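Trainee: This is the structure I have questions about; it appears just below.
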Amino acid sequence: FFSTMYVTTLDEFVVEAERLFTADPANTRYSIKFRHCDAQVVLKVTDNRTVISYKTKELSDVKLMEKLNNAFLHHFTEISPEAVAMELDERQKQQEKQQLAAQQKKQQQQQAQQQKKGKGKK
Numbered sequence: 006f007f008s009t010m011y012v013t014t015l016d017e018f019v020v021e022a023e024r025l026f027t028a029d030p031a032n033t034r035y036s037i038k039f040r041h042c043d044a045q046v047v048l049k050v051t052d053n054r055t056v057i058s059y060k061t062k063e064l065s066d067v068k069l070m071e072k073l074n075n076a077f078l079h080h081f082t083e084i085s086p087e088a089v090a091m092e093l094d095e096r097q098k099q100q101e102k103q104q105l106a107a108q109q110k111k112q113q114q115q116q117a118q119q120q121k122k123g124k125g126k127k
């Protein structure tokens, strides 16, 4: 089921957008579109089930939209401590794999050189 909600004020849009984001931050998306044909700015937030949309031609809303954009950028780029720990663990595992592969390659090269030396003595 997919529902669309059109709000008439930017304040209402902000409240509903924050509600969607806090309910499901991983699936929430935010978009801005400027429609040249009628000089409107269209803001949309969705969580794949609900779409909240706001349209405006008012220049006074632009400053408020800038604050809203900054708030969303902050929320979308905010990293939880658990995510940081997982990323560090993943990086450490990658480094360990690379070191192991380098050691194995070095051992193979040493074995190949020893085999060459052994064949050259015969």
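With the first letter of the sequence shown counted as 1, position 88 gets the number 93 in the numbering used here; the numbers rise by one all the way through. We treat Cβ as the ideally placed atom computed from N, Cα and C, and that holds for glycine. This structure is a prediction, so every number in the text was calculated from the model and none was measured.
1. For THR51 and MET10, I'd like the C-alpha separation in whole angstroms.
2. Pull up the distance between the alpha-carbon of GLN103 and that of GLN119, whole angstroms please.
3. Note down, in chain order, each residue of its chain lying with its Cβ closer than 6 Å to the Cβ of VAL46, except the 5 sequence neighbours on either side.
4. Going by DSSP, which residues form a beta bridge with LYS49?
5. Assuming THR27 is part of the alpha helix (DSSP H), what are its boundary residues?
6. Is it true that the CB of ILE57 sits closer than 8 Å to the CB of LEU25?
7. Under the rule that 16 or more other beta-carbon atoms within 10 Å means buried, what is ALA117, buried or exposed?
8. Measuring only the C-alpha atoms, how far is ASP29 from PHE7?
9. What's the call for ALA22, buried or exposed, on a 16-neighbour Cβ count within 10 Å?
Mentor: The structure says:
1. Locating residue 51 in the sequence shown gives position 46, where the first residue counts as 1. Locating residue 10 in the sequence shown gives position 5, where the first residue counts as 1. Whole-angstrom Cα-Cα distance: 10 Å.
2. Taking the sequence shown and counting its residues from 1, the one referred to as residue 103 is at position 98. Taking the sequence shown and counting its residues from 1, the one referred to as residue 119 is at position 114. About 24 Å.
3. In the sequence shown, counting from the first residue as 1, residue 46 sits at position 41. Answer for VAL46: PHE39, THR61, listed in chain order.
4. Within the sequence shown, residue 49 is the residue found at index 44, counting from 1. According to DSSP, LYS49 bridges with SER36, SER58.
5. Start at 1 with the first residue of the sequence shown, and residue 27 comes out as number 22. Taken as a continuous stretch (DSSP letters only), the alpha helix (DSSP H) holding THR27 covers 15-28.
6. Position 20 of the sequence shown, counting from 1, holds the residue named residue 25. Position 52 of the sequence shown, counting from 1, holds the residue named residue 57. For LEU25 and ILE57, yes; Cβs fall inside 8 Å.
7. Sequence index remark: in the sequence shown, residue 117 carries index 112 (1-based). Counting Cβ neighbours within 10 Å, ALA117 comes out exposed, since fewer than 16 surround it.
8. Position 24 of the sequence shown, counting from 1, holds the residue named residue 29. Position 2 of the sequence shown, counting from 1, holds the residue named residue 7. Cα-Cα distance, rounded: 15 Å.
9. Taking the sequence shown and counting its residues from 1, one reaches residue 22 at position 17. Its Cβ being crowded by 16 or more others within 10 Å, ALA22 is buried.
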